[in-house]
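In this text, residue positions in the sequence shown follow the UniProt record's numbering: the first is 1, and each later residue adds one.
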Amino acid sequence: MDTYPYQHAEGSLLYQEETYHFRFKGVRAATIALYNVPGEQYYFACTIEPSHQHWVYLPEALRSFTSAGHNQLAEAGVTWPRALFETKEQALQTAIEIIEQLLTRYQSSW
């Protein structure tokens, strides 16, 4: 954290969180939490909403993941290049692509 601009006690940290909601084919599908530590990069955490109609077969273990969760989603064939992103837009675009890949793969009906 060489670029962190604030004085702080050991273990203390100020960070920003933004919450986004994502719809897949018109259906509320996921919540994306975007995090940024001042002077550092962005990362995200996603939670896919349960659906008893559209993505019934999505395994429970894949419903929540972070941008650092490469191993968690690799078995589902979902990969991405990095855990941290230079811009908010890069992080959000990656989150959207991952969610769409998962929901497309596990969609049960439309």
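Ideal placement from N, C-alpha and C gives every residue a C-beta, glycine not left out.
Pick out whichever of the options has its Cα sitting closest to the Cα of residue i.
| i | options | result |
| --- | --- | --- |
| Tyr15 | Thr79, Tyr57, Tyr43 | Tyr43 |
| Tyr35 | Thr19, Ala9, Glu49 | Thr19 |
| Ser64 | Tyr57, Ile48, Gly77, Asn71 | Ile48 |
| Val78 | Lys25, Lys88, Leu62 | Leu62 |
| Glu89 | His8, Ser12, Ile32 | Ile32 |
Return the bridge partner residues of residue i from the DSSP annotation.
| i | result |
| --- | --- |
| Cys18 | Note that residue 18 is Glu in the sequence shown here, rather than Cys. Bridge partners of Glu18: Leu34. |
| Arg28 | Arg23 |
| residue 156 | Outside the modelled stretch of the chain, which goes from 1 to 110, sits residue 156, for which no answer is possible. |
| Tyr42 | Asn36, Phe85 |
Using a Cβ-Cβ cutoff of less than 6 Å, which residues in the same chain neighbour residue i once the five nearest sequence positions on both sides are dropped?
| i | result |
| --- | --- |
| Thr66 | Ala45 |
| Tyr57 | Tyr106, Ser108 |
| Ala83 | Ser67, Ala68 |
Given residue i, which residues of its chain have a CB within under 8 Å of its CB, disregarding the five upstream and five downstream residues?
| i | result |
| --- | --- |
| Val27 | Ser51, His54 |
| Thr80 | Here the sequence assigns Trp to residue 80, which means Thr is not the residue at that position. Excluding sequence neighbours, Trp80 sits near Ser67, His70, Thr94, Glu97, Ile98. |
| Leu73 | Leu62, Phe65, Thr79, Ile98, Leu102 |
| Tyr6 | Leu14, Pro38 |
By Cβ distance, which residues of its chain are closer than 7 Å to residue i, with the 5 residues on each side in sequence left out?
| i | result |
| --- | --- |
| Ala29 | Phe22, Arg23, Ile48, Glu49, Ile99, Leu103 |
| Ala91 | Leu34, Tyr42, Tyr43, Phe44, Ser67, Phe85 |
| Tyr4 | Val37, Pro38, Gly39, Glu40 |
| Gln101 | Val78 |
(message) Report the start-end ranges of each alpha helix (DSSP H) in the segment 67-107 that is 4 residues or longer and not cut off at the edges.
(response) 70-74, 88-106
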